[in-house]
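Numbering (the working numbering), first residue to last: 4 to 88.
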């Protein structure tokens, strides 16, 4: 009846670049994506910034990382850094 919980497949995974590492155990990751305007059919870039948990403070500014959705850790932090790309 009791099965081990597999945490690898829980939540979305996104790839982005660390744009700030000034907080303790937290990095800000910028995710870029292209959208297409429905009427004019032109592509434009949208940048979204997520605060992600970095337990050991090993990721620095400019690193390309993978983040995964997790349970809320604070008011703004709902992502955890899984690894470096």
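Glycine included, C-beta positions come from ideal geometry on N, C-alpha and C.
| Asked | Found |
| --- | --- |
| So which of 17, 54 and 35 has the shortest CA-CA distance to residue 29? | 54 |
| With a threshold of 16 other CB atoms inside 10 Å of the CB of residue 86, please say whether the residue is buried or exposed. | exposed |
| Please determine, among 73, 88, 63 and 37, the residue with the shortest C-alpha to C-alpha distance to residue 48. | 37 |
| I'd like the ranges of any beta strand (DSSP E) spanning at least 3 consecutive residues and lying wholly in the segment 9-86. | 16-26, 29-39, 46-56 and 67-72 |
| In angstroms with no decimal places, state the Cα-to-Cα distance between residue 40 and residue 46. | 6 angstroms |
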